[in-house]
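*Asks:* Reading the sequence shown from the start, the letters are residues 461 to 818 in this note's numbering.
Glycine included, every Cβ here is placed at the ideal spot set by N, Cα and C.
In this text the structure is predicted, and so the values were computed from the model without any measurement.
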Amino acid sequence: MELIKITEGQTKLWVPDAEKYKLDSKMPVFFNQVMRLNRDITVDIVKTLDKPKSLDLLAGTGAKGLRLAVEANSKVDLNDANPSAAKLIKRNAKLNKVSVEVFNDSANKLLRKSRRTYDFIDVDPFGTPVPFLQESIAHLRKGGILGVTATDTSALCGTYPKACMRKYESLNRKTQMMFEIGTRILIKKVVSEGLNMGVALEPVFVHSSNHYMRVYLRRVENLRKIRKNLKFLFLCSDCFTWKFEDKLPETKVRCGCGTYSEVLGPLWTGSLYDKKLLKQMSDSNKTVQKIKEEVDVFGYYDYHMMSKKLEDVGELPKMDVIIEKIRKKGFKASRTHFSPTGIKTNLPAKSFLRLLYS
Ligand SMILES: C[S@@+](CC[C@H](N)C(=O)[O-])C[C@H]1O[C@@H](n2cnc3c(N)ncnc32)[C@H](O)[C@@H]1O
Ligand SMILES: [Zn+2]
């Protein structure tokens, strides 16, 4: 394998030379430099835990787990089914002079025979994380955090509704807020797996991009409170209003404006961020900066869709002008990292549309 030596954060790593290998699951050991953001944020979150013990379940080169050992002062176990990966992880551990335990096993097999529990477990597979959720949850300590990546965004964002139903058991369609909906469907899946095992999990941080979604959930106590946040979403693509329902309707549902609503979900409807955790996170990361400024409410209005719908009325004010207008009315409003054209606000759609021309 042709390796190059890099430094990510404060951690040195031997990784496959990106110029020599195609970036796919057939790489001798998988490493994607672009996922640095994912690893940076993980380090930041694990730093907030007290003397953590972490598990990097699908570790590849060990980049993430080793960064936790070096930069977040965590004890770490790392695992990968690929023998070349396990070998490289050991080499990288030596390079950083950290003492970690390395396993070379199939993830669920390893967890099934292990009695260890962790304050942080990282699940970073190729594609969907669903096969690894149950076993990971079973090994998560109270107050511990589970970090889950999903790269099957076409299923989660509604491009392939059947794949979403098969893997995540939620109805889905491409909509104006597909990245947030995808993230909330992923959360729902993790939360439901937890509930089935009598474990309450609550999201504390999430971020999404075109290529992947990443959610962090903390093991908490209150099962009932968690369950109440899983609902169906009725979304009108015509007047942009939405509402939540506990049950799937038996017939098609019309919105107040007369149009049939899209029925999506079930999905997580509650808060996405733990404010205390957000405050503790570093401001040096651009995505985290954006998220810190984001209003933590459900959904967003899409500026492009609004302009299209209202083009006969005239040009829309700029996004930042709209946001200022909403704030002046006493409502919350912000941009959102989920979409460059999204506006998050607690102002209802009707008032939002009226305000655009006031
Ligand atoms: C996306 S990569 C992990 C990347 C790594 N977390 C990082 O930040 O660089 C997924 C890894 O999971 C490993 N893998 C896939 N299926 C597995 C399984 N069932 N058990 C254990 N490892 C597995 C692959 O060999 C690959 O190294
Ligand atoms: Zn409507």
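Mind the definition here: the segment 653-663 touches the segment 783-801 only if three or more C-beta pairs lie below 8 Å; say whether that holds.
*Replies:* No, the segment 653-663 is not in contact with the segment 783-801.
*Asks:* Out of T701, W702, Q594, which one is the CA nearest neighbour of K650?
*Replies:* As a working note, residue 650 is residue 190 in the sequence shown. What sits at residue 650 in the sequence shown is Val, not Lys. The residue with the shortest Cα to Cα distance from V650 is Q594.
*Asks:* Please classify M495 as buried or exposed, where buried requires at least 16 neighbouring CB atoms within 10 angstroms.
*Replies:* Residue 495 sits at position 35 when you count from the first residue of the sequence shown. M495 comes out buried.
*Asks:* On the criterion of 16 or more Cβ atoms from any shown chain inside 10 Å, does V675 qualify as buried, or is it exposed?
*Replies:* On the sequence shown, position 215 is the one that residue 675 refers to. By the neighbour-count rule (16 or more Cβ atoms within 10 Å), V675 is buried.
*Asks:* Assign L708 to one of two classes, buried (16 or more other C-beta atoms within 10 Å of its C-beta) or exposed (fewer than that).
*Replies:* By one-based count along the sequence shown, residue 708 stands at place 248. The residue is exposed, with fewer than 16 neighbouring Cβ atoms inside 10 Å.
*Asks:* Taking buried to mean at least 16 other C-beta atoms within 10 Å of its own C-beta, is I464 buried or exposed?
*Replies:* By one-based count along the sequence shown, residue 464 stands at place 4. Exposed, since its Cβ has fewer than 16 Cβ neighbours within 10 Å.
*Asks:* Restricting to runs no shorter than 4 residues, where is the alpha helix (DSSP H) found entirely within the segment 636-665?
*Replies:* Complete alpha helix (DSSP H) runs here, min 4: 638-656.
*Asks:* G525 by DSSP, collapsed to three states: which one?
*Replies:* Walking along the sequence shown from the start, residue 525 turns up at place 65. Residue state, collapsed to three classes: helix.
*Asks:* Please name the residue, chosen from L600, R601, T635, E629, that lies closest to C617 on a Cα-to-Cα basis.
*Replies:* Position 157 of the sequence shown, counted from the first residue, corresponds to residue 617. Among L600, R601, T635, E629, the Cα nearest to that of C617 is on T635.
*Asks:* What residues are listed by DSSP as bridge partners for G725?
*Replies:* Counting from one through the sequence shown, the residue named residue 725 turns up at place 265. BP columns for G725 point to L631.
*Asks:* Where S534 and Y578 are concerned, what is the direct C-alpha to C-alpha distance, given to the nearest angstrom?
*Replies:* Counting from one through the sequence shown, the residue named residue 534 turns up at place 74. Counting from one through the sequence shown, the residue named residue 578 turns up at place 118. Cα to Cα, S534 sits roughly 11 Å from Y578.
*Asks:* So is the beta-carbon of K524 under 6 Å away from any non-hydrogen atom of ligand 1?
*Replies:* Along the sequence shown, read from residue 1 onward, the residue named residue 524 stands at position 64. Under cutoff, so the answer is yes.
*Asks:* Report the start-end ranges of each alpha helix (DSSP H) in the segment 672-712 that is 4 residues or longer and not cut off at the edges.
*Replies:* Here the runs fully enclosed are 683-687.
*Asks:* How close, in whole Å, do the beta carbons of T801 and H764 come, if the pair is a contact with beta carbons under 8 Å?
*Replies:* Numbered from 1 along the sequence shown, position 341 holds the residue referred to as residue 801. Numbered from 1 along the sequence shown, position 304 holds the residue referred to as residue 764. 5 Å between Cβ atoms; contact.
*Asks:* Could you please give the first and the last residue of the uninterrupted beta strand (DSSP E) stretch that includes L473?
*Replies:* Here residue 473 refers to the residue found at position 13 when the sequence shown is read from its first residue. Residues 471-476.
*Asks:* What does a CB cutoff of less than 6 Å around A546 pick up in its chain, not counting 5 residues either side in sequence?
*Replies:* The sequence position of residue 546 within the sequence shown is 86, counting from 1. Closer than 6 Å at Cβ, skipping near neighbours: D540, V562, N564.
*Asks:* Under a CB-based cut-off of 7 Å, is N498 close to chain B?
*Replies:* No chain B appears in the structure shown, which is made up of a single protein chain.
*Asks:* In the DSSP assignment, what are the bridge partners of S799?
*Replies:* Start at 1 with the first residue of the sequence shown, and residue 799 comes out as number 339. S799 is bridged to T796.
*Asks:* So is the beta-carbon of D477 under 6 Å away from any non-hydrogen atom of ligand 1?
*Replies:* Here residue 477 refers to the residue found at position 17 of the sequence shown. No, ligand 1 has no heavy atom inside 6 Å of this Cβ.
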